[in-house]
Structures are given as structure tokens and as C-alpha cells.
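A.B. asks: Pasting a structure below so you can have a look.
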Amino acid sequence: MTIEIPRPILKDKKALVVGVANEHSIAYGCAAAFRELGADLAITYLNEKAKPFVEPLARKLEAPIFMPLDVSKPGELEAVFERVRSSWGRLDLLVHSIAFAPREDLQGGLLDCSAEGFKVAMDVSCHSFVRMAKLAAPLMTEGGAMFAMSYHGAQRVVPNYNVMGPVKAALEAACRYLAYELGPRGIRVHPISPGPLKTRAASGLKDFDLMLNEAVQKAPVGELVDIMDVGFACAYLATPYARRVTGGTVYVDGGVNIMA
Ligand SMILES: NC(=O)c1ccc[n+]([C@@H]2O[C@H](COP(=O)([O-])OP(=O)(O)OC[C@H]3O[C@@H](n4cnc5c(N)ncnc54)[C@H](O)[C@@H]3O)[C@@H](O)[C@H]2O)c1
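270 is the number of the first residue of the sequence shown in the numbering used here; add one for each residue after it.
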């Protein structure tokens, strides 16, 4: 069967990208790749403190929608989707590239993680994706694709990943169930598992440089990934070429996950 492909391949696609903090953010790689392939972008920033770092990037990517979004603040998520609806009338792509755990809970072992820390980590890093999917799905009237950033610590024990391991495992499981529920509506859901990248979020992990070193040693391709590798992998999954791919974790890690 032939697939009708526009040029550029994401021309006129409407993409909401959540998680740009600065030019090192994985979300920025996704936004830049989507833009390069023709998509129109909605970009969010966490709060007034983050705004000056994100605004120049949103301008560079010519994003017509630029709004605050802290998923733990009631009403902010709804406001973003309402703006998408009023400006575009629909949405094609959604990127969830956010994670948070209180530092003291993140830096200790799982046994020492507080109930409150576990709850916050799960809410910001996992359940917020379910909330986003619920708001995004009715706007994906022509089908669509959703992406959530996971990590291999969801599947295997990675020292120092701590509470984020179970949280990412829940995120990947949530993606599978959402893929099942949304598949009939032509919406695909992709958990993406990037290799380690030097970003602000990663700097909260203990001994992160050791993780980077191990990844480069182990990677069959012999190199670490960068944010554009992740962005273009998501861009491929956003195209009709990937229309029968959904729910499974997609590794963008230079092959580290296949190694013992
Ligand atoms: N850097 C890595 O090595 C790596 C590897 C695999 C997966 N990931 C995942 O990629 C995603 C993006 O992280 P990153 O590495 O690009 O770091 P980053 O610091 O650039 O991005 C993290 C983002 O989460 C946002 N965030 C935190 N709390 C939030 C809240 N309450 N509401 C809205 N946004 C909030 C921050 O504002 C920031 O934009 C995360 O889910 C992370 O776990 C990172």
C-alpha cells in the first residue's frame, strides 16, 4: 500500500512539547526536530524563573503558542489545552519530557524514599502524562502520536536511579495501556528510552558521570546519544511511516540496552 507523504514530512502538524528547560533539554531536541520537518509548535515553560531560558528557544523555533505549565498547579494543564484548541482546533503530536523527585528522595535508595517523595515523583513524572493524554486525545481528531521519556532504569536496576526506576516502569506501563485504549482512535503512544544525556534533570542523579562513562563503554555504536538523536527518532515515529508502531519502548541509546 502506498502512503501519501507531505513535504516536509511533518508540514502543518501541530505539536505540543512539554519539558524544555534550556538548550540541553531532550524536549528541545524533539521540538527542533519536529520544527525542522515542518511542524508548528506549542512550547511550555515551568514558571517565571524558567521563562527567560525557554523564551529565546521558543522564538527561534517560531512557536506560536508559548505558555507556563507546572503540572502540579491546578488549572495550568487545562489552560494549555484550551489554548491549543482555540488557536489550532486540533493537535497531532504531544511530547511529555518531564520528571521530578525531591532531591533527598532521589539521592537515597528506594528503601529510604518517603511516601510523600514517591507520590510527588509519580504524579509529576507519570500521572501527569495520563492527564495530558486525556486532554490531548479529543483534540487528535485526525489521529496522532504521543511520546513520554523513560529510561532503561525502568526495566533493569541501574545504580543510583533509585525511586525513578519504579516511576519510569509505571510510565512505560501507562504508555502500553494508553496505546491500547487510544489505538482505535488512530492515536499511537510511544515510551522513548534515551541513553544518558547531560541535562539539568540528570545532574540530580548521584554519580551521573559514571553512568555516562559506562554507557559510552558499552554502546555498540561507541558514542553517547545527543538530544537531536532522540528528537529525530520521535520525528520518525510521528510520521505515517511508523503508523503501525505503538506502545513498545523505543530505545535511543546507541544499543546499550542489548548488552549484558
Ligand atoms: N538526561 C538523561 O540522561 C535522560 C535519560 C532518559 C530519560 N530522561 C528523561 O527525559 C525527560 C526530560 O529530562 P531532561 O534530561 O531533558 O532534563 P531537563 O531538566 O532539561 O528537563 C526536565 C523538565 O522537567 C520539567 N518539570 C519538572 N517538574 C515539572 C512540573 N511540575 N511541571 C512541568 N514540568 C516540570 C522541567 O521544567 C524541565 O523542563 C525526563 O522525563 C527524564 O527523566 C532523561
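Where is the CB? At the ideal position from N, CA and C, for every residue including glycine.
To the nearest angstrom, report how far apart residue 469 and residue 293 are at their CA atoms.
C.D. replies: The straight-line gap from Cα to Cα measures roughly 8 Å.
A.B. asks: May I have the straight-line CA-CA distance separating residue 338 from residue 345, to the nearest angstrom?
C.D. replies: Cα to Cα, residue 338 sits roughly 6 Å from residue 345.
A.B. asks: If I measure Cβ to Cβ from residue 439 and keep anything under 7 Å in the same chain, skipping five residues before and after, which residues do I get?
C.D. replies: Within the same chain, residue 439 has close Cβ partners 391, 395.
A.B. asks: Can you give me the start and stop residues for the alpha helix (DSSP H) that residue 481 sits inside?
C.D. replies: First-last of the alpha helix (DSSP H) with residue 481: 477-487.
A.B. asks: From the DSSP output, in three-state form, read off residue 320 for me.
C.D. replies: If DSSP states are grouped into helix, strand and coil, residue 320 belongs with the helices.
A.B. asks: Terminal residues of the continuous beta strand (DSSP E) containing residue 449?
C.D. replies: Run containing residue 449: none in the beta strand (DSSP E); it sits in the alpha helix (DSSP H), 433-451.
A.B. asks: Would you grab the beta carbon distance between residue 418 and residue 463 for me? Rounded to a whole angstrom, and I think it's under 8 Å.
C.D. replies: 7 Å between Cβ atoms; contact.
A.B. asks: Hey, could you find the ends of the alpha helix (DSSP H) residue 505 is sitting in?
C.D. replies: First-last of the alpha helix (DSSP H) with residue 505: 496-507.
A.B. asks: For a minimum of 3 consecutive residues, which ranges assigned as the beta strand (DSSP E) are wholly contained in the stretch 379-433?
C.D. replies: The qualifying runs are 413-418.
A.B. asks: Give me the Cα-Cα distance between residue 454 and residue 320, rounded to the nearest whole angstrom.
C.D. replies: Distance between the alpha carbons of residue 454 and residue 320 is about 35 Å.
A.B. asks: So the candidates are 472, 405, 373, 475; which of them puts its Cα closest to the Cα of residue 447?
C.D. replies: It is 405 whose Cα lies nearest to the Cα of residue 447.
A.B. asks: Below 8 Å on the Cβ atoms is my guess for residue 466 versus residue 295; work out the distance and round it to an integer in Å.
C.D. replies: The pair is a contact, with the Cβ atoms about 6 Å apart (cut-off 8 Å).
A.B. asks: Given this structure, state the Cα-to-Cα distance separating residue 508 from residue 364, to the nearest angstrom.
C.D. replies: About 14 Å.
A.B. asks: Are the beta-carbon atoms belonging to residue 502 and residue 279 less than 8 Å from one another?
C.D. replies: Not a contact, by the Cβ cut-off of 8 Å.
A.B. asks: Beta carbon of residue 430: closer than 7 Å to some heavy atom of ligand 1?
C.D. replies: For ligand 1, not one heavy atom lies less than 7 Å from the Cβ of residue 430.
A.B. asks: So what does residue 310 bridge to, in DSSP terms?
C.D. replies: Paired residues: 284.
A.B. asks: Would you list the residues whose beta-carbon is nearer than 5 Å to any heavy atom of ligand 1, in the order they occur in the chain?
C.D. replies: Cβ atoms closer than 5 Å to ligand 1 belong to 288, 290, 294, 295, 315, 339, 340, 341, 366, 367, 368, 369, 393, 418, 420, 463, 465, 466, 468, 469, 470, 471.
A.B. asks: When you compare only the Cα positions, how much space is there between residue 315 and residue 523?
C.D. replies: Approximately 30 Å, taken between the alpha carbons.
A.B. asks: Going along the chain, which residues of its own chain have a beta-carbon closer than 6 Å to the beta-carbon of residue 298, five neighbours each way excluded?
C.D. replies: Closer than 6 Å at Cβ, skipping near neighbours: 496, 497, 499, 500.
A.B. asks: Starting from residue 349 and walking both ways along the alpha helix (DSSP H), at which residues does that stretch end?
C.D. replies: Unbroken alpha helix (DSSP H) run through residue 349: 345-357.
A.B. asks: Among the candidates 358, 432, 420, whose CA atom is the shortest distance from the CA of residue 281?
C.D. replies: Comparing Cα-Cα distances from residue 281 to each of 358, 432, 420, the minimum goes to 358.
A.B. asks: For residue 427, which residues of its own chain have a beta-carbon under 8 Å away from its beta-carbon, when the five flanking residues on both sides are left out?
C.D. replies: Counting only Cβ-Cβ distances below 8 Å, and skipping sequence neighbours, we find 420, 421, 434, 480.
A.B. asks: Please identify the residue among 351, 444, 325, 366 whose C-alpha is closest to the C-alpha of residue 459.
C.D. replies: Checking every option, the nearest Cα to that of residue 459 belongs to 444.
A.B. asks: In chain order, what residues of the same chain have a beta carbon less than 7 Å from the beta carbon of residue 511, not counting five sequence neighbours either side?
C.D. replies: Excluding positions up to five away in sequence, the list reads 505.
A.B. asks: Compute the beta-carbon to beta-carbon distance between residue 302 and residue 310, rounded to the nearest angstrom, for a pair I have assumed lies under 8 Å.
C.D. replies: The Cβ separation is near 11 Å, so there is no contact.
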